[in-house]
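S.K.: Chains A and B, in that order, give the protein sequences. Its first residue numbered 10, the first sequence is counted upward by one per residue in this note's numbering. Its first residue numbered 10, the second sequence is counted upward by one per residue in this note's numbering. Here you go, one structure.
Number of protein chains: 2
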Amino acid sequence: MMAVRTIEVRERVLAKNDELAAQVRARLAAARVPAINLMSSPGAGKTTLLERTLTDLAADLSLAVVTGDVQTHNDADRLARHTDRLVQAVVTNGACHLDARQILTALDAIDLASTDLVFIENVGNLVCPASWDLGENTRVVLFSITEGEDKPVKYPKMFQQADTVVLTKLDLLPHVPFRLDQAMACLRRVNPYLDVISTSALTPDGVRPWYDFVRAEARPKSPR
Amino acid sequence: MMAVRTIEVRERVLAKNDELAAQVRARLAAARVPAINLMSSPGAGKTTLLERTLTDLAADLSLAVVTGDVQTHNDADRLARHTDRLVQAVVTNGACHLDARQILTALDAIDLASTDLVFIENVGNLVCPASWDLGENTRVVLFSITEGEDKPVKYPKMFQQADTVVLTKLDLLPHVPFRLDQAMACLRRVNPYLDVISTSALTPDGVRPWYDFVRAEARPKSPR
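Written out as structure tokens, the structure reads:
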């Protein structure tokens, strides 16, 4: 009985979230602003990648950021050093994922008319965020090569629902027992349609393919 | 209304879990078998550490393993190669943590009379498993130095409720921008009572302090 009750409540909560995600999506579409939902394990490098991106693409693109954290403002504080714009910090108070209501509230504080792209940095977690639509256009999963080749198979929902995987910390390849071909096979097995981008945020040219991807996502707005 | 309802149901589910965890604890105590709940981010090295432990301590200790995974038996298959005993595999069907009912069921299949210690390998997740008592004696969190120094501050509940932290992948220290003193400060800030064990599961002597810890946990049984 208890189990059935819990699942019913969970489904109602997720259905409500989907409604709110549709509102996010409509608001972003009306403003012609795409949003990328960045997800990964804790410590895979979401904040480091965003720090570099905000700095290096500042001249080309007007980027807004919503960043979620369980208890702290650490990530928001780190990111705020790299942009002139206000970073929207969401503290989930222990919850293991962002939800669409939090994104709707954050959008209220973002001037979409002067924004080319919204980054949403989710809570570090390979399980729960996969179930929560945030109204994003694109789901990106960061996958650090220090985590082992089999993570896509072990956390399949996250990788099935992703559009793009960003492999991170490629500079560590000589020092870890990680086989890139095996990892690619695991990714393809779970989701053959995934785009895969290799990066190393600590080397000068290590994020260039990611920047190409971000520029392509932030299509120029057509005139109103 | 919806939020309040959800929280009430969640609290009832957690209260039921606590009851079942008390049953696990009583059963283990009656058999004088301690249990260690191993938690971490995905890819921090739980399975690798257990693989070595099962092999290297086989002559000294009779170790039982319950391992939880979201969708696969990958970890159970890996561990089964290193022990003569049956590895208890729990597939959570998408759930982000193990619960006490799963441990009670797994214990049914373990001959506790011939067991010195039970390892419980939780789902890779730094958020949700912290809320679920499994009836363990000791909570151990693995913290890979590739994840960055601030993880204890960002996922405080996990580290507040831990007894021991095992730093993993110390062999990568020359190759990552990780400051051990900063990480220790973050750990102490969140939980000043934590024991910290440094390991590198890929070097011959890199897990010796962990073995000392495991041997101390698996106290010899007094005669009946």
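Every residue, glycine too, gets a C-beta built ideally from N, C-alpha and C.
Relative to the C-alpha of residue 112 of chain B, which candidate in B:34, B:215, B:56 and B:70 has its C-alpha closest?
M.R.: One-based indexing of the second sequence puts residue 112 of chain B at position 103. Closest option to residue 112 of chain B, Cα to Cα, is B:34.
S.K.: Suppose you measure from the CA of residue 232 of chain A to the CA of residue 127 of chain A; what does that come to, to the nearest Å?
M.R.: If you number the first sequence from 1, residue 232 of chain A lands on position 223. If you number the first sequence from 1, residue 127 of chain A lands on position 118. Caution is warranted here: a pLDDT of 47 is assigned to residue 232 of chain A, below 50, making its placement in the model unreliable, and no coordinate value can be reported.
S.K.: Thinking residue 178 of chain B and residue 153 of chain B are a contact (beta carbons under 8 Å), I'd like their distance in whole angstroms, please.
M.R.: Position 169 of the second sequence, counted from the first residue, corresponds to residue 178 of chain B. Position 144 of the second sequence, counted from the first residue, corresponds to residue 153 of chain B. Correct: roughly 5 Å between the Cβ atoms.
S.K.: Using three-state DSSP, classify residue 150 of chain B as helix, strand or coil.
M.R.: Residue mapping note: residue 150 of chain B aligns to position 141 of the second sequence, counting from 1. Note: residue 150 of chain B maps to strand in three-state DSSP.
S.K.: Keeping to the same chain, check which residues put their C-beta closer than 8 Å to that of residue 26 of chain A; ignore five residues upstream and five downstream.
M.R.: For this step, residue 26 of chain A is matched to residue 17 along the first sequence. These residues qualify, in order along the chain: 108, 109, 110, 141 and 142.
S.K.: For residue 122 of chain A versus residue 148 of chain A, is the C-beta spacing smaller than 8 Å?
M.R.: Working through the first sequence from its first residue, we reach residue 122 of chain A at position 113. Working through the first sequence from its first residue, we reach residue 148 of chain A at position 139. Their beta carbons are not under 8 Å apart, which means residue 122 of chain A does not touch residue 148 of chain A by this criterion.
S.K.: Within its chain, find whatever has a CB closer than 8 Å to the CB of residue 10 of chain B; leave out the 5 residues flanking it on each side and keep chain order.
M.R.: Position 1 of the second sequence, counting from 1, holds the residue named residue 10 of chain B. Interpretation of residue 10 of chain B is limited by its pLDDT of 47, a score under 50 that renders its predicted location unreliable; the figure taken from the coordinates is listed afterwards. If we look at residue 10 of chain B and ignore the five residues flanking it on each side, it has no Cβ neighbours.
S.K.: What residues match up with residue 80 of chain A in a beta bridge as DSSP calls it?
M.R.: Residue 80 of chain A sits at position 71 when you count from the first residue of the first sequence. In the DSSP output, where bridge partners are listed per residue, residue 80 of chain A has none listed.
S.K.: Is any beta-carbon of chain B found at less than 8 Å from that of residue 10 of chain A?
M.R.: Here residue 10 of chain A refers to the residue found at position 1 when the first sequence is read from its first residue. Unreliable positioning characterises residue 10 of chain A in this predicted model, as indicated by a pLDDT of 47, which lies under 50. The coordinate reading is nonetheless provided below. Residue 10 of chain A does not count as touching chain B.
S.K.: Could you spell out the range, first to last residue, of the alpha helix (DSSP H) harbouring residue 253 of chain B?
M.R.: This structure leaves residue 253 of chain B out entirely; chain B is present only between 10 and 233.
S.K.: With H, G and I counted as helix, E and B as strand and the rest as coil, what does DSSP make of residue 28 of chain A?
M.R.: The residue labelled residue 28 of chain A in the question sits at position 19 within the first sequence. In the structure shown, residue 28 of chain A sits in a helix (DSSP, three-state: H, G or I).
S.K.: Tell me which residues of the region 77-102 of chain A have at least one Cβ-Cβ distance to chain B shorter than 7 Å, keeping chain order.
M.R.: The residues in question are 78, 79, 80, 81 and 83.
S.K.: Over what stretch of residues does the beta strand (DSSP E) that includes residue 98 of chain B continue unbroken?
M.R.: By 1-based counting over the second sequence, the position of residue 98 of chain B is 89. Segment 97-100, the beta strand (DSSP E) holding residue 98 of chain B.
S.K.: Quick one: does the C-beta of residue 132 of chain A sit closer than 7 Å to a heavy atom of the ligand FAD?
M.R.: In the structure shown, the ligand FAD is absent, as is every other ligand, since no ligand is present at all.
S.K.: Can you have a look at residue 129 of chain A and say buried or exposed, based on whether 16 or more other CB atoms are within 10 angstroms of its CB?
M.R.: Within the first sequence, the letter at position 120 stands for residue 129 of chain A. Label assigned to residue 129 of chain A: buried.
S.K.: Spatial neighbours of residue 40 of chain A within its chain, please: C-beta separation below 7 Å, excluding the five flanking residues on both sides.
M.R.: On the first sequence, residue 40 of chain A is found 31 positions in, with the first residue counted as 1. Taken in chain order, the residues that qualify are 121 and 122.
S.K.: How long is the line joining the alpha carbons of residue 87 of chain B and residue 60 of chain B, rounded to whole angstroms?
M.R.: Translated into positions along the second sequence, residue 87 of chain B becomes position 78. Translated into positions along the second sequence, residue 60 of chain B becomes position 51. For residue 87 of chain B and residue 60 of chain B, the distance between alpha carbons rounds to 7 Å.
S.K.: Looking at chain B, which residues of the region 139-156 of chain A have a Cβ within less than 7 Å of any of its Cβ atoms?
M.R.: Residues passing the 7 Å Cβ filter: 153, 155 and 156.
S.K.: Report the three-state DSSP secondary structure of residue 233 of chain B (helix, strand or coil).
M.R.: Here residue 233 of chain B refers to the residue found at position 224 of the second sequence. Below a pLDDT of 50, predicted positions are generally treated as unreliable, and residue 233 of chain B, at 42, falls in that range; the measurement from the model is reported next regardless. Coil.
S.K.: Quick one, which of A:183, A:83, A:203 and A:22 has its alpha-carbon nearest residue 132 of chain A's?
M.R.: What you label residue 132 of chain A is simply residue 123 of the first sequence in a count that begins at 1. Closest by alpha carbon: A:83.
S.K.: Whose CA, out of B:156, B:92, B:44 and B:29, lies closest to the CA of residue 222 of chain B?
M.R.: Mapped onto the second sequence, residue 222 of chain B falls at position 213. For residue 222 of chain B, the nearest C-alpha among the options comes from B:44.
S.K.: Grouping DSSP H, G and I as helix and E and B as strand, with all else coil, what is residue 10 of chain B?
M.R.: Walking along the second sequence from the start, residue 10 of chain B turns up at place 1. Low local confidence applies: a pLDDT of 47 at residue 10 of chain B is under 50, so the model's placement there is unreliable, and no value is given.
S.K.: Who are the Cβ neighbours of residue 216 of chain A in its own chain at under 8 Å, not counting the five residues just before and after it?
M.R.: Locating residue 216 of chain A in the first sequence gives position 207, counting from the first residue. Correct list, in chain order: 58, 61, 62, 65, 208, 209 and 210.
S.K.: Taking only beta-carbon positions, decide if residue 134 of chain A is within less than 8 Å of chain B.
M.R.: In the first sequence, residue 134 of chain A corresponds to position 125, counting from 1. Yes, residue 134 of chain A lies at the interface with chain B (some Cβ there is under 8 Å from its Cβ).
S.K.: So, residue 195 of chain A versus residue 162 of chain A, is the Cβ gap smaller than 8 Å?
M.R.: Position 186 of the first sequence, counted from the first residue, corresponds to residue 195 of chain A. Position 153 of the first sequence, counted from the first residue, corresponds to residue 162 of chain A. Going by C-beta atoms, residue 195 of chain A is nearer than 8 Å to residue 162 of chain A.
S.K.: May I have a chain-ordered list of the beta strand (DSSP E) segments no shorter than 3 residues that lie completely inside the region 87-142 of chain A?
M.R.: Within the region 87-142 of chain A, the complete beta strand (DSSP E) runs of at least 3 residues are 97-100 and 126-130.
S.K.: To the nearest angstrom, how far is it from the Cα of residue 176 of chain B to the Cα of residue 36 of chain A?
M.R.: On the second sequence, position 167 is the one that residue 176 of chain B refers to. On the first sequence, position 27 is the one that residue 36 of chain A refers to. The alpha-carbon atoms of residue 176 of chain B and residue 36 of chain A are separated by roughly 44 Å.
S.K.: May I have the straight-line CA-CA distance separating residue 46 of chain A from residue 76 of chain A, to the nearest angstrom?
M.R.: Your numbering for residue 46 of chain A matches position 37 in the first sequence. Your numbering for residue 76 of chain A matches position 67 in the first sequence. Each residue's Cα considered, the two are about 10 Å apart.
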